[in-house]
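Chemist: Listed in order, the protein sequences are those of chains F and D. Following our numbering, the numbering of the first sequence begins with 1 at its first residue and continues without gaps. Following our numbering, the numbering of the second sequence begins with 1001 at its first residue and continues without gaps. Where a beta carbon is used, it is the ideal one built from N, C-alpha and C, also for glycine.
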Amino acid sequence: MKKPAEFYQRDRRWHPPAFARDYKTSVARSPQYAAISLENTISEITGPTFGHNDIDPIDNDLLSNFAQADQSPIGERIIVHGRVLDENARPVPNTLVEIWQANASGRYRHKKDTYLGALDPNFGGCGRTLTDTDGYYYFRTIKPGAYPWRNWVNDWRPAHIHVSVFGSGFAQRLITQLYFEGDPLIAKCPIVNTIPDPQAVEQLIAVLDMNATIPLDTIAYKFDIVLRGRRSTLFENRLEGN
Amino acid sequence: MAQKLDYLKETPSQTAGPYVHIGLSPGDAGFEIYSQELGRDIAGPNARGERIRVEGVVIDGTGAPIKDVLLEVWQANADGIHAHPEHPGKVEEGFRGWGRVITDFETGKWGFDTIKPGPVPGRHGIIQAPHINLWIVARGINLGLNTRVYFEDEEIANASDPVITTIEWEHRRQTLIAARSMRDGKPVYRFDIRIQGEDETVFFDI
């Protein structure tokens, strides 16, 4: 059993600020007061754990997890793969990674999405998997299309896949978005541009990975995810109060 | 020039967006795909302790309820133990301590059924009052917001809780205290979250 140890402080100048004027919805949904800094307790160091009983093996295959028998979704067949690491570059094993995305037309299978792009009867748009003992994960899916949204009059989201990951403690909980190398919409997007540092934006761009591509079958993109690291020393020796 | 530290940078956060349900709660987006959706049962059937419901709305800076929020819950069992290998002790079979709920698309109401957690060890041997950790994501929220639910009928424990007492402005501490009432013989705690403005809920940088 590992000793409880606290996570490195989150760099809130690297993450997007709560208030980002050009992403209009953030204006009324950002706290005015500063967050209260809280040193980790066992309530933040621990977090939910998941096992293979929680999910099905097909859950990471968006090409087939909603398709009718002998059918496939329409679109560019891709593999998205990578590792979940912490800031110390240590793998994060057995952690739950969940994704969701629009189809090739930029249409989401959601009752609130009314975009003209057609639904694909063979595409659901969500997947989940556990990282292996080396922190590795992969999904099969189709590349999502760009998508218009009501922010400025002519705003379009770059092709993106939403990514949710847990880590080993609740303090590592993270939701982000994966973008695709070379997409000219990335630089124009007010949601991407909530992130102040261009290097941080780079970290969200999945890179074409020809080595992982399956010839005559599926193109691959690599996307590594980094969660908060943690101290190697016990943060205190009286955790239980004795 | 000094040497360089070789730490990696954390992957930056992005908003969960309006269609978060597709990934994390697809039944609510309008389609069935997984054999089981996760986070539906927090305490399980065997958990000791008082069965409670916690519910509320999330309100934006204009005073309107936010109707596309997803909340995650993390809590200890009635003995103050988390279902995690790094927390010494055992929890009841089936107790997960983790849950996931969304707000109703029409009303913005959310709620979950669980058991009331016990006091949890804090730092330096100081006991924390019973509390539930909440994590809130939605369209317009760029980085998930962390807060805690405390219980109004734990007045004595709350008064010495090391997290509550860290909050310098005493009047803001009240924003973390859920109000207890009874409905059909069952305890219900009301916990409204105000993201911005008057009576803004305290959020934590954890």
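(1) Enumerate, from N- to C-terminal direction, the unbroken alpha helix (DSSP H) stretches of 4 or more residues contained entirely within the segment 1155–1200 of chain D.
(2) For residue 1095(D), which three-state DSSP category applies?
(3) Run through chain D and tell me which residues come within less than 7 Å of residue 67(F), C-beta to C-beta.
(4) Does residue 71(F) have its Cβ less than 8 Å from a Cβ in chain D?
(5) Check whether the Cβ of residue 111(F) lies closer than 8 Å to any Cβ atom in chain D.
(6) Give a yes or no on whether 8 Å exceeds the smallest Cβ distance from residue 1133(D) to chain F.
(7) Give me the DSSP bridge partner(s) of residue 177(F).
(8) Can you give me the Cβ contacts of residue 1120(D) inside the same chain, cut-off strictly under 7 Å, excluding the 5 residues immediately before and after it?
(9) Consider the Cβ of residue 1196(D): report whether some Cβ of chain F lies at a distance smaller than 8 Å.
(10) What is the rounded straight-line gap between the Cα of residue 1018(D) and the Cα of residue 1002(D)?
(11) Cβ of residue 1019(D) less than 8 Å from any chain F Cβ?
(12) Run down chain B in chain order and give the residues with a C-beta less than 7 Å from the C-beta of residue 1012(D).
(13) Going by the beta-carbon positions, is the gap between residue 68(F) and residue 122(F) smaller than 8 Å?
(14) Measure the C-alpha to C-alpha separation of residue 1137(D) and residue 176(F) and round it to an integer number of angstroms.
(15) State the start and end residues of the unbroken beta strand (DSSP E) segment that holds residue 155(F).
(16) Using 8 Å as the limit for Cβ to Cβ distance, is residue 1171(D) near chain F?
(17) Which of the three DSSP states, helix, strand or coil, is assigned to residue 185(F)?
(18) Give a yes or no on whether 8 Å exceeds the smallest Cβ distance from residue 1001(D) to chain F.
(19) I'd like to know if residue 173(F) contacts chain D, where contact means its C-beta is closer than 8 Å to some C-beta of that chain.
(20) Taking 8 Å as the cut-off, decide whether the C-beta atoms of residue 1194(D) and residue 1059(D) are in contact.
(21) If you drop the 5 nearest sequence neighbours on each side, which residues of the same chain put their C-beta closer than 7 Å to that of residue 242(F)?
(22) What does a CB cutoff of less than 7 Å around residue 1027(D) pick up in its chain, not counting 5 residues either side in sequence?
(23) Could you give the first and the last residue of the continuous beta strand (DSSP E) run that contains residue 200(F)?
(24) Grab the span of the alpha helix (DSSP H) containing residue 1029(D) for me, first residue to last.
(25) Just checking: is the beta-carbon of residue 28(F) within a distance shorter than 8 Å of some beta-carbon in chain D?
(26) Are three or more beta carbon pairs between the segment 105–118 of chain F and the segment 26–36 of chain F nearer than 8 Å?
(27) Using a Cβ-Cβ cutoff of 8 Å, what residues of the segment 1096–1115 of chain D are near chain F? List them in chain order.
(28) Taking the Cβ atom as the reference point for each residue, do residue 1073(D) and residue 1099(D) lie within a distance shorter than 8 Å?
(29) What residue range does the alpha helix (DSSP H) around residue 42(F) cover?
(30) What three-state label does DSSP hand residue 1013(D) in the structure shown?
Modeler: Here's the rundown:
(1) 1155–1159 and 1170–1173
(2) Here the question's residue 1095(D) lines up with position 95 in the second sequence. It is coil, neither helix nor strand.
(3) The residue you call residue 67(F) lines up with position 67 of the first sequence. Per Cβ cutoff of 7 Å: no residues; residue 67(F) is ~11 Å from chain D at best.
(4) Locating residue 71(F) in the first sequence gives position 71, counting from the first residue. No, because no Cβ of chain D sits closer than 8 Å to the Cβ of residue 71(F).
(5) To locate residue 111(F), count along the first sequence from 1; it is residue 111. So yes, residue 111(F) belongs to the interface.
(6) Taking the second sequence and counting its residues from 1, the one referred to as residue 1133(D) is at position 133. Cβ-Cβ to chain F under 8 Å: yes for residue 1133(D).
(7) Here residue 177(F) refers to the residue found at position 177 of the first sequence. According to DSSP, which records beta bridges pairwise, residue 177(F) is partnered with 162(F).
(8) As a position in the second sequence, residue 1120(D) is number 120, starting the count at 1. Hits under 7 Å: 1076, 1080 and 1128.
(9) Residue mapping note: residue 1196(D) aligns to position 196 of the second sequence, counting from 1. Yes - at least one Cβ of chain F is within 8 Å of the one on residue 1196(D).
(10) The residue labelled residue 1018(D) in the question sits at position 18 within the second sequence. The residue labelled residue 1002(D) in the question sits at position 2 within the second sequence. Approximately 45 Å, taken between the alpha carbons.
(11) Numbered from 1 along the second sequence, position 19 holds the residue referred to as residue 1019(D). Yes, residue 1019(D) lies at the interface with chain F (some Cβ there is under 8 Å from its Cβ).
(12) Protein chains in the displayed structure are F and D, and chain B is not among them.
(13) Position 68 of the first sequence, counting from 1, holds the residue named residue 68(F). Position 122 of the first sequence, counting from 1, holds the residue named residue 122(F). Against a cut-off of 8 Å, the Cβ pair of residue 122(F) and residue 68(F) comes out as a contact.
(14) On the second sequence, position 137 is the one that residue 1137(D) refers to. On the first sequence, position 176 is the one that residue 176(F) refers to. Roughly 11 Å separates the two Cα atoms.
(15) To locate residue 155(F), count along the first sequence from 1; it is residue 155. From DSSP, the beta strand (DSSP E) with residue 155(F) extends over 155–157.
(16) As a working mapping, residue 1171(D) is identified with position 171 in the second sequence. Judged by the 8 Å Cβ criterion, residue 1171(D) is not in contact with chain F.
(17) Locating residue 185(F) in the first sequence gives position 185, counting from the first residue. Correct three-state label for residue 185(F): coil.
(18) The sequence position of residue 1001(D) within the second sequence is 1, counting from 1. Judged by the 8 Å Cβ criterion, residue 1001(D) is not in contact with chain F.
(19) As a working note, residue 173(F) is residue 173 in the first sequence. Residue 173(F) counts as touching chain D.
(20) The residue you call residue 1194(D) lines up with position 194 of the second sequence. The residue you call residue 1059(D) lines up with position 59 of the second sequence. Contact flag set, yes.
(21) Translated into the one-based positions of the first sequence, residue 242(F) becomes position 242. Low per-residue confidence applies at residue 242(F): pLDDT is 31, beneath 50, and the placement is therefore not dependable, though the value from the model is reported in the following sentence. Closer than 7 Å at Cβ, skipping near neighbours: no residue.
(22) Sequence index remark: in the second sequence, residue 1027(D) carries index 27 (1-based). Counting only Cβ-Cβ distances below 7 Å, and skipping sequence neighbours, we find 1037.
(23) Against the first sequence, residue 200(F) aligns to sequence position 200. No beta strand (DSSP E) contains residue 200(F), which is instead part of the alpha helix (DSSP H) from 198–202.
(24) Taking the first residue of the second sequence as 1, we reach residue 1029(D) at position 29. Counting along the chain, the alpha helix (DSSP H) containing residue 1029(D) begins and ends at 1026–1029.
(25) Against the first sequence, residue 28(F) aligns to sequence position 28. It does; some Cβ of chain D falls within 8 Å.
(26) no
(27) 1096, 1097, 1098 and 1105
(28) Here residue 1073(D) corresponds to residue number 73 of the second sequence, with the count starting at 1. Here residue 1099(D) corresponds to residue number 99 of the second sequence, with the count starting at 1. Yes, they are a contact pair.
(29) As a first step, residue 42(F) must be located in the first sequence, where it is residue number 42. Its alpha helix (DSSP H) spans residues 42–45.
(30) On the second sequence, residue 1013(D) is found 13 positions in, with the first residue counted as 1. Coil, per DSSP.
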